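J.:
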Amino acid sequence: MVPPPLSVAALAAALPIAALAGYWLLRRDAAPWLAAAVALAVALLVYALGSRRTRRRRRLARAPFPPAWREALRDRVEFYARLEGADRARFEYGVMVFLAEQTIHGPRGAAVRDETRVLVAASATILAFGLPPDTLSAVRDVVIYPEAFDEEYRVARGAEVLGQVHAQGPVILSERALVQGFERGHDGLNVGLHELAHVLDFEGGVADGVPSTMPWKRIRPWLALVHREMRRAGKHGSALRGYGATNEAELFAVAVEAFFEHPAQLQKKHGALYAMLVEALGQDPAAQRADQRASGPAADG
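At position 197 of the sequence shown (counting the first as 1) the number is 216 in our numbering, and the numbers step up by one without a gap.
1. How is Leu102 classed by DSSP in three states: helix, strand or coil?
2. Does the beta-carbon of Ser128 have 16 or more other beta-carbons within 10 angstroms, so that it is buried, or is it exposed?
3. Alpha carbon to alpha carbon, how far is Gln187 from Tyr66? Give it in angstroms, no decimals.
4. Kindly indicate the opening and closing residues of the alpha helix (DSSP H) around Ser314.
5. DSSP on Tyr293, reduced to helix/strand/coil?
6. Going by the DSSP bridge assignment, what does Ile145 pair with across the sheet?
7. With distance defined between alpha-carbon atoms, name the residue in Glu269, Phe278, Ala294 nearest to Ala258.
8. Taking the alpha-carbon of Gly228 as reference, which of Ala299, Asp94, Arg308 has the nearest alpha-carbon?
9. Between Gln121, Pro126, Arg237, Gly261, which has its C-alpha nearest Val137's C-alpha?
10. I'd like to know whether the C-beta atoms of Val180 and Glu194 end up nearer to each other than 8 Å.
11. If you compare alpha carbons, which of Gly290, Leu285, Pro35, Ala216 is closest to Val190?
12. For Gly125, which of helix, strand or coil comes out of DSSP?
13. Give the secondary structure of Leu192 by DSSP, where H, G and I count as helix, E and B as strand, and everything else as coil.
14. For Phe168, list the residues DSSP reports as bridge partners.
15. So, using beta-carbon positions, are Leu270 and Glu248 closer together than 8 Å?
16. Using 10 angstroms around the beta-carbon of Thr265, count the other beta-carbons present and answer buried if the total reaches 16, otherwise exposed.
17. Quick one: measure Cβ to Cβ for Ala283 and Arg308, integer angstroms, because I've assumed they're closer than 8 Å.
18. Evaluate Gly320 with the Cβ neighbour count: other Cβ atoms within 10 Å of its Cβ, from every protein chain shown; 16 or more gives buried, anything less gives exposed.
19. Would you mind reading off the limits of the alpha helix (DSSP H) that contains Gln286?
20. Am I right that Gly200 and Ile163 are in contact with their C-beta atoms under 8 Å? What's the rounded C-beta distance?
21. Below 8 Å between beta carbons: does that hold for Leu219 and Leu285?
22. Go ahead and label Gly104 buried or exposed: buried means 16 or more other beta carbons lie within 10 angstroms of its beta carbon, across all protein chains shown.
23. Kindly indicate which residue of Val184, Pro85, Lys288, His185 has the alpha-carbon position closest to the one of Gly256.
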């Protein structure tokens, strides 16, 4: 994996701040050597603070990928198992970055199994695999409950909530639902992808069913399409779960699940929706799977 370049943004921030510090000292009759030394020290400090993430990521790019994580991905994540070479290395790097920068814990800070943490990171990496770097970089806690929970965040008999995300708050997931989402990879139900699709939706400010990556000129036709698909969701012949009819945000999240879990079916039955998701997510899983089938045996959803 090629390490990310040094932080240009941190350097661009450091230089003017350092120049201002040196200028301020010169205006107060400080010796030129002192002004230069202070300016250099300020530049180094600002750059060090601003480039921490870049330096951490460069270390991650050089670090070996843990074998246990690779085994979990190979055994449970079909998206990863289909990748080869540089694409597989890029996926592994995405998992490492997510786990290094996001906090994943159970209720009241309880520890979470490594395999579960890897599946959360895999969900984010799948969704962002075709997007510009740091599209999903906002730091959020991910809270893992062992089972479904209720509106009071209690694991109780009859609880039905599998996942939840708030505008600025944590992502909350049922561990059982997360694992089952990858075990049953073609049923259009993957709570990790679903809730992180909501995060992508929230990146635009509000959860209105418009992902932050949707080109501006496409938003109006996208919303018109979403409203048509809401009326179709769950009806005979639809490739979308009925839950997508709830509102625009849920339609988008349900469509993301179908996009990755059974893309060929979604493309066949909802061609316009599929095409706009390709544009918004930077991936074409139906075409990728068709290419893989042409070059060798592979399962399709």
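Ideal Cβ placement from N, Cα and C applies to all residues, glycine included. Quick caveat, the model's predicted, so the values are computed rather than measured.
T.: The answer reads as follows:
1. coil
2. This sequence places Gly at residue 128; Ser is not what is there. When all chains shown are included, Gly128 counts as exposed.
3. Confidence at Tyr66 is low in this model, with a pLDDT of 49, below 50, so the placement of that residue is unreliable and no value is reported for it.
4. 304-314
5. helix
6. Answer by DSSP bridge pairing: none, since Ile145 is not bridged.
7. Phe278
8. Ala299
9. Nearest option by C-alpha distance: Gln121.
10. no
11. Ala216
12. coil
13. strand
14. Val180
15. yes
16. So Thr265 ends up on the exposed side.
17. 7 Å
18. Residue placement at Gly320 is flagged as unreliable, the pLDDT there being 45, under the threshold of 50; a coordinate-derived value is accordingly withheld.
19. 282-288
20. About 13 Å; that fails the 8 Å criterion.
21. no
22. Flag for Gly104 reads exposed.
23. Out of Val184, Pro85, Lys288, His185, Lys288 has the C-alpha closest to the C-alpha of Gly256.
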